[in-house]
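Input: a single structure, listed below in structure tokens.
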Amino acid sequence: MIVRTLEECRQSERRVVAQTWESVRMLLKDDNMGFSFHVTTIFKGGETHIHYQNHLESVYCMSGEGEVEVVGGETYPIKPGTLYILDQHDEHYLRAYSGADMVMACVFNPPLTGTETHDEKGVYPIIE
1 MIVRTLEECR
11 QSERRVVAQT
21 WESVRMLLKD
31 DNMGFSFHVT
41 TIFKGGETHI
51 HYQNHLESVY
61 CMSGEGEVEV
71 VGGETYPIKP
81 GTLYILDQHD
91 EHYLRAYSGA
101 DMVMACVFNP
111 PLTGTETHDE
121 KGVYPIIE
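All the letters of the sequence shown, read from the start, carry residue numbers 1 to 128 under the UniProt record's numbering.
Here is the structure:
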């Protein structure tokens, strides 16, 4: 059994911070579960370009509000209780409105190792 708290993960190398977001990676590839689980915060007023060419992701909004815009497609509002699934390697923009940070629970397949950050195209590489 694996037991971890969000706070202990936040105080470790499992926390990755970028200009518009932070990701606390609570479950990773080396945990051998076949997926990774993260609590990701999009900072209020922030916009992040993402294009997971190597991963599928499901995202559940726990707090805050914003929107996800599919490049060349629709824009969907995000609020607590909203789940969106990136099942087509969708290139998108994720935005948190200016009122508060947007906190999301995220599941990735294949799992992340924990050191990934978005490259200039919004992609996480596959790290063995």
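Note that the Cβ used here is the ideal one computed from N, Cα and C, for glycine as well.
DSSP three-state call for Arg-10: helix, strand or coil?
Numbered from 1 along the sequence shown, position 10 holds the residue referred to as residue 10. Arg-10 falls in the helix class under three-state DSSP.
Using the Cα positions of Val-16 and Arg-25, report the straight-line distance between them to the nearest angstrom.
Residue mapping note: residue 16 aligns to position 16 of the sequence shown, counting from 1. Residue mapping note: residue 25 aligns to position 25 of the sequence shown, counting from 1. One C-alpha to the other measures close to 8 Å.
What's the C-alpha gap between Glu-57 and Phe-43?
Position 57 of the sequence shown holds residue 57. Position 43 of the sequence shown holds residue 43. Between Glu-57 and Phe-43, the C-alpha separation is close to 19 Å.
Report buried or exposed for Pro-80, applying the criterion of at least 16 other Cβ atoms within 10 angstroms of its Cβ.
Reading the sequence shown from its first residue, position 80 is the one you call residue 80. Its Cβ having fewer than 16 others within 10 Å, Pro-80 is exposed.
Among the residues of its own chain, which have a CB less than 6 Å from the CB of Cys-9, if the five just before and after it don't count?
Within the sequence shown, the letter at position 9 stands for residue 9. Around Cys-9: Val-24, Met-26.
Taking the continuous beta strand (DSSP E) assigned at residue 203, which residues delimit it?
Nothing about residue 203 can be reported from this structure: the residues present for the chain run from 1 to 128 only.
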